[in-house]
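Residue numbers (my numbering): 2 to 515. Working notes for the structure below.
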Amino acid sequence: MMEKDERPRKRMENGFYKRALPSPPAIDFVSSEGKKLFIEAIQSGTMEGFYRLISFFQTQSEPAYCGLASLSMVLNSLAIDPGRKWKGPWRWFDESMLDCCEPLEKVKVTGISFGKLVCLAHCAGAKVEAFRTNQSTLEDFRKHVMRCSVSDDCHVISSYDRLALKQTGSGHFSPIGGYHVGRDMALVLDVARFKYPPHWVPLSLLWEAMGYVDKSTGQQRGFMLISRPHREPGLLYTLSCKNESWVGIAKYLMDDVSLLLKSADVKDIENVLSLIFTSLPSNFGEFIKWIAEVRRREDGDQSLSPEEKARVNVKEEVLKQVQETGLFKHVSAFLSSANSCCRNLPLLSHQDNFPDIAASVCCQGAEILAGISGASGEYCCRETCINCLKANGDKSVTVVSGTVVNGKSEHGVDVLFPSSQMKPGCCCSVSSNYIGIHPASNDVLTALLLALPPETWSGIKNEKVLLEISSLALTENLPTLLQEEQVLHLRRQLYLLKRCQENKVDVDLGAPLS
Numbered sequence: 002m003m004e005k006d007e008r009p010r011k012r013m014e015n016g017f018y019k020r021a022l023p024s025p026p027a028i029d030f031v032s033s034e035g036k037k038l039f040i041e042a043i044q045s046g047t048m049e050g051f052y053r054l055i056s057f058f059q060t061q062s063e064p065a066y067c068g069l070a071s072l073s074m075v076l077n078s079l080a081i082d083p084g085r086k087w088k089g090p091w092r093w094f095d096e097s098m099l100d101c102c103e104p105l106e107k108v109k110v111t112g113i114s115f116g117k118l119v120c121l122a123h124c125a126g127a128k129v130e131a132f133r134t135n136q137s138t139l140e141d142f143r144k145h146v147m148r149c150s151v152s153d154d155c156h157v158i159s160s161y162d163r164l165a166l167k168q169t170g171s172g173h174f175s176p177i178g179g180y181h182v183g184r185d186m187a188l189v190l191d192v193a194r195f196k197y198p199p200h201w202v203p204l205s206l207l208w209e210a211m212g213y214v215d216k217s218t219g220q221q222r223g224f225m226l227i228s229r230p231h232r233e234p235g236l237l238y239t240l241s242c243k244n245e246s247w248v249g250i251a252k253y254l255m256d257d258v259s260l261l262l263k264s265a266d267v268k269d270i271e272n273v274l275s276l277i278f279t280s281l282p283s284n285f286g287e288f289i290k291w292i293a294e295v296r297r298r299e300d301g302d303q304s305l306s307p308e309e310k311a312r313v314n315v316k317e318e319v320l321k322q323v324q325e326t327g328l329f330k331h332v333s334a335f336l337s338s339a340n341s342c343c344r345n346l347p348l349l350s351h352q353d354n355f356p357d358i359a360a361s362v363c364c365q366g367a368e369i370l371a372g373i374s375g376a377s378g379e380y381c382c383r384e385t386c387i388n389c390l391k392a393n394g395d396k397s398v399t400v401v402s403g404t405v406v407n408g409k410s411e412h413g414v415d416v417l418f419p420s421s422q423m424k425p426g427c428c429c430s431v432s433s434n435y436i437g438i439h440p441a442s443n444d445v446l447t448a449l450l451l452a453l454p455p456e457t458w459s460g461i462k463n464e465k466v467l468l469e470i471s472s473l474a475l476t477e478n479l480p481t482l483l484q485e486e487q488v489l490h491l492r493r494q495l496y497l498l499k500r501c502q503e504n505k506v507d508v509d510l511g512a513p514l515s
């Protein structure tokens, strides 16, 4: 969160040049004692993560950007490709690109919470393990710091209160650059370099500082371990809390569905699907979001990078596994049935209208690439065209190219789609058949049903139907990739949203379940 300086107001006219680091408890990194600690830590092998971090050490560009600066520094240190350009031809993480979970204008004023920073790290494609101090112990924290200090494939970001370290200000984020075993001290690479230099602090004191409650959320602070994913991320869908309707939708999915099934006399799977789908809240389409791969279209360059191809390949495999489930076949049959009344639902009224999807995504992509995400109405899409591109002679990838305008200029935007049945060629006609192109209603609804808690079905009275739906939705029966990349992700988010709704606490969609 944003820091507040406690210096007298009369000195504010001329501003401040740095701060004197309170020592003790901290030890300045460049002091003789700080250098001695550094050398000893190197010799003991607990500074391996330091070298990559220091290569990408940055100063936060706004007083409240400590979380964004810490995260972009760590993401670049881990060589995670953002998949979109920063400036010129370069793909690079910058604070201005970390806006998928909280508008930058809001972060600039109030800072960012622990939960929202975890959300950003997930959104950026990192593997994240997050712990508030009431979910962990000092000994666990020490083990995690040690683990990331003896290797360069993970880094720790600490969320702490400066008051515990006798520093001015309040809530702050910074990466931990190393650990001294003998003195039990951590090296804090403070991203507010205009204020304090890097410094060593006792690990137990840093733990105490993380235990302070963030007044804006009512929750304790904590730490997060960030590393590269074991493979390219293949997430197809995620849940959104940006629309206030999420409270009612989360309640429906986590509570009301099971009550409906318990009170109804369902005779078969079609009855179950009808009961759930016909009662979906009208704004359900704002709750579950499709994750797209968006890039600027370069003149004369239609090739795919190996990284882009790898990401789309994983998504296509996850999509294929969704469509191979027995539940998907039931959902598809139900939606295509002449008697299905779900066609009138807001979610489905536009979900399969691919030209509308393509135009909307191209406009949103242009806003994101321009750094104005969330500014509705800034861009409109003039035309879209479907192409099939190849990378290194591999099978083709479906790319929707859009031309968007914002009143002053026009931009070319490409959206990479995982697909299953797309035929080669280019088709710019809005009346074309887009069978097999993701996203589609049957994909979305199947993924959501698979993510519902197992106890959802327990109230079904018909034993045959109960056994059948329980088997169809059983997580253990699904391929590992589908479990990890989609089903467990959505289920974790549903549980956390329910917890947040009940306790009225900060929405943290990346925290571990307990």
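Built from N, CA and C at the ideal position, the CB exists for glycine as well. It should be emphasised that the depicted structure is a prediction, and the values quoted were computed from it without experimental measurement.
Assumed close pair residue i, residue j - CB separation to whole angstroms, cut-off 8 Å
i, j, result
"Ala187", "Leu166", "Going by Cβ atoms, the distance from Ala187 to Leu166 rounds to 11 Å, so no, they are not a contact pair."
"Cys120", "Leu226", "At roughly 15 Å, the Cβ-Cβ gap does not stay under 8 Å, so Cys120 and Leu226 are not in contact."
"Leu207", "Leu54", "The Cβ separation is near 16 Å, so there is no contact."
"Leu99", "Ser73", "6 Å"
"Cys124", "Cys101", "4 Å"
"Asp82", "Glu308", "5 Å"
"Ser228", "Leu79", "7 Å"
Separation of residue j from residue i, as counted between CA atoms
i, j, result
"Leu328", "Gly178", "47 Å"
"Ser471", "Asp257", "18 Å"
"Leu261", "Leu276", "7 Å"
"Ser217", "Gly116", "12 Å"
"Lys19", "Tyr197", "6 Å"
"Leu483", "Gln322", "6 Å"
"Cys386", "Arg222", "47 Å"
"His173", "Val129", "19 Å"
"Ser430", "Asn272", "A caution first: Ser430 carries a pLDDT of 38, below 50, which makes its placement in the model unreliable, though a value can still be read off. Their backbone Cα atoms lie some 38 Å apart in a straight line."
"Val108", "Phe17", "22 Å"
"Ser97", "Glu464", "54 Å"
"Val75", "Ala265", "51 Å"
"Asp153", "Lys144", "15 Å"
"Leu320", "Ser45", "47 Å"
"Gly170", "Met147", "28 Å"
"Arg595", "Met255", "As shown, the chain starts at 2 and ends at 515. That puts residue 595 outside it, with no answer to give."
"Val488", "Arg184", "44 Å"
"Gln324", "Ile40", "56 Å"
"Val414", "Ser306", "16 Å"
"Glu317", "Ser32", "53 Å"
"Ile461", "Leu281", "19 Å"
"Tyr52", "Ala122", "21 Å"
"Cys427", "Arg296", "With a pLDDT of 44 at Cys427, under the threshold of 50, the modelled position of that residue is not reliable, and the figure given next carries that caveat. So the two alpha carbons sit approximately 19 Å from each other."
"Ser259", "Trp247", "18 Å"
"Tyr253", "Pro64", "40 Å"
"Lys290", "Ala452", "14 Å"
"Leu139", "Gly50", "21 Å"
"Lys36", "Phe30", "6 Å"
"Gly126", "Lys310", "15 Å"
"Ala441", "Phe418", "12 Å"
Cβ-based neighbour list, residue i, same chain, cut-off 7 Å, excluding 5 preceding and 5 following
i, result
"Ala27", "Leu166, His200, Trp201 and Val202"
"Cys381", "Cys364, Val405 and Val406"
"Ala210", "Tyr161, Asp162, Ala165 and Leu166"
"Ile292", "Leu236, Leu237, Tyr238 and Thr239"
Element boundaries [alpha helix (DSSP H), containing residue i]
i, result
"Pro307", "Pro307 to Gln324"
"Leu446", "Ser442 to Ala452"
"Glu485", "No alpha helix (DSSP H) holds Glu485; DSSP gives it neither H nor E."
"Met147", "Leu139 to Ser150"
"Glu106", "Leu105 to Thr111"
"Phe278", "Ile270 to Thr279"
"Leu226", "That residue, Leu226, is in no alpha helix (DSSP H); its beta strand (DSSP E) goes Gly223 to Ser228."
"Gly116", "Phe115 to Cys124"
"Ser283", "That residue, Ser283, is in no alpha helix (DSSP H); it is neither H nor E in DSSP."
Cβ-based neighbour list, residue i, same chain, cut-off 6 Å, excluding 5 preceding and 5 following
i, result
"Met48", "Ala42 and Gly179"
"Leu449", "none"
"Arg133", "Gln221 and Gly223"
"Pro230", "Lys128"
"Val332", "Asn443, Leu446 and Thr447"
"Gly68", "Ile113, Leu118 and Phe174"
"Val110", "none"
"Ser338", "none"
Minimum Cβ-Cβ distance from residue i to chain D less than 9 Å
i, result
"Lys117", "Looking for chain D here will not work: only one protein chain is present."
Where the beta strand (DSSP E) through residue i begins and ends
i, result
"Trp201", "His200 to Pro203"
"Phe132", "Lys128 to Arg133"
"Cys155", "Cys155 to Asp162"
"Leu188", "Met186 to Val189"
"Trp87", "Lys86 to Lys88"
Spatial neighbours of residue i in its chain, beta-carbon cut-off 8 Å, leaving aside the 5 residues before and after
i, result
"Thr60", "Ala70, Val192, Ala193, Arg194 and Phe195"
Entirely enclosed alpha helix (DSSP H) segments - the segment 36 to 67, minimum 4 residues: The alpha helix (DSSP H) runs lying completely inside the segment 36 to 67 and spanning 4 residues or more are 51 to 56, given in chain order.
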